[in-house]
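Novice: All you need for our numbering is the position in the sequence shown, starting with 1, plus 150.
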Amino acid sequence: MLPVLEKGIIPVLKGAYLAALFFTETVVMLMIIPYLNRPSDVKRAVVKGVITVGFFMAILMFIIVGLLDGLIADINFPTLKLARYIKLGELVERVEPIIMLAWIGGGFIKVTVFYYCTVLAIAQWLNLRDFKSIVLPIGALVTVLSIVLWDNVVQLVYQISGVMPPYFLIIQVGIPTLLLILTSLKGKGEKHR
């Protein structure tokens, strides 16, 4: 194992910046809040969810670094590699299919929620009363883009880690901050009336 902060804090901050970009997804999830039965419970549920997932992810990362330290840079999916070492008694020796099933199921749910939010946002942007008329065209566009944009995982990783970070930062920090400022100014203007 390398010493902690061997090359200073900057590489750590760069790594944290890239990891934090994936929280951009939470901004998309905010679109669902008005459609929930009890929107007031969202804050508590989000805090519990982030703490729980963060805890388990931290444990998983410690285990991965502990077992696969020298190999991590060369492995695309370290969690799947780690799953090969898991053995549950004499009955279950290979748990990769279970991990893959959970991974694919989670990915399906995530894509479904993002798709719903995309259709909802476009319908609101176009002032459509019913979003059902654009479900199929948006689905066709997403399908075509998924085929055309990247030829392989290497291109996708380069796009996400090399090209997109400034755009993610605008979406994750810039737009919510601007909306918060505008909402605050609008609220102050209405109080004076």
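Think of the CB as a built atom: it goes at the ideal place given N, C-alpha and C, for glycine as much as any other residue. Keep in mind that this is a model prediction, so the values were computed, not measured.
Comparing alpha-carbon positions, which option in 239, 159, 241 and 250 lies nearest residue 231?
Specialist: The shortest C-alpha separation from residue 231 is found at 250.
Novice: What's the gap between the Cα of residue 212 and the Cα of residue 162?
Specialist: Taking the straight line joining both Cα atoms gives about 16 angstroms.
Novice: When DSSP labels each residue in this structure, what does residue 230 get in the three-state scheme?
Specialist: Note: residue 230 maps to helix in three-state DSSP.
Novice: I'd like to confirm the pairing. Which residues does DSSP put opposite residue 242 in its beta bridges?
Specialist: Answer is 238.
Novice: Please check the pair residue 266 and residue 292, which I expect to be a contact at CB under 8 angstroms, by giving their CB distance rounded to whole angstroms.
Specialist: That belief does not hold up - the Cβ atoms of residue 266 and residue 292 are roughly 12 angstroms apart, past 8 angstroms.
Novice: Using the three-state DSSP reduction, which class does residue 157 fall into: helix, strand or coil?
Specialist: Of the three classes helix, strand and coil, the one that applies to residue 157 here is coil, per DSSP.
Novice: Please classify residue 219: does DSSP put it in a helix, a strand, or coil?
Specialist: Residue state, collapsed to three classes: helix.
Novice: Reducing DSSP to helix, strand and coil, say where residue 194 ends up.
Specialist: Here residue 194 sits in helix by DSSP.
Novice: Could you check what DSSP says for residue 280 in three-state terms: helix, strand or coil?
Specialist: Correct three-state label for residue 280: coil.
Novice: If you drop the 5 nearest sequence neighbours on each side, which residues of the same chain put their C-beta closer than 8 angstroms to that of residue 260?
Specialist: Correct list, in chain order: 175.
Novice: Do residue 225 and residue 217 have their CB atoms nearer than 8 angstroms?
Specialist: Contact flag unset, no.
Novice: Exposed or buried, what is residue 303 when buried is set at 16 or more other beta-carbons lying within 10 Å of its beta-carbon?
Specialist: Under this definition residue 303 is an exposed residue.
Novice: For residue 228, does the count of other Cβ atoms within 10 angstroms reach 16, so buried, or fall short, so exposed?
Specialist: Result: buried.
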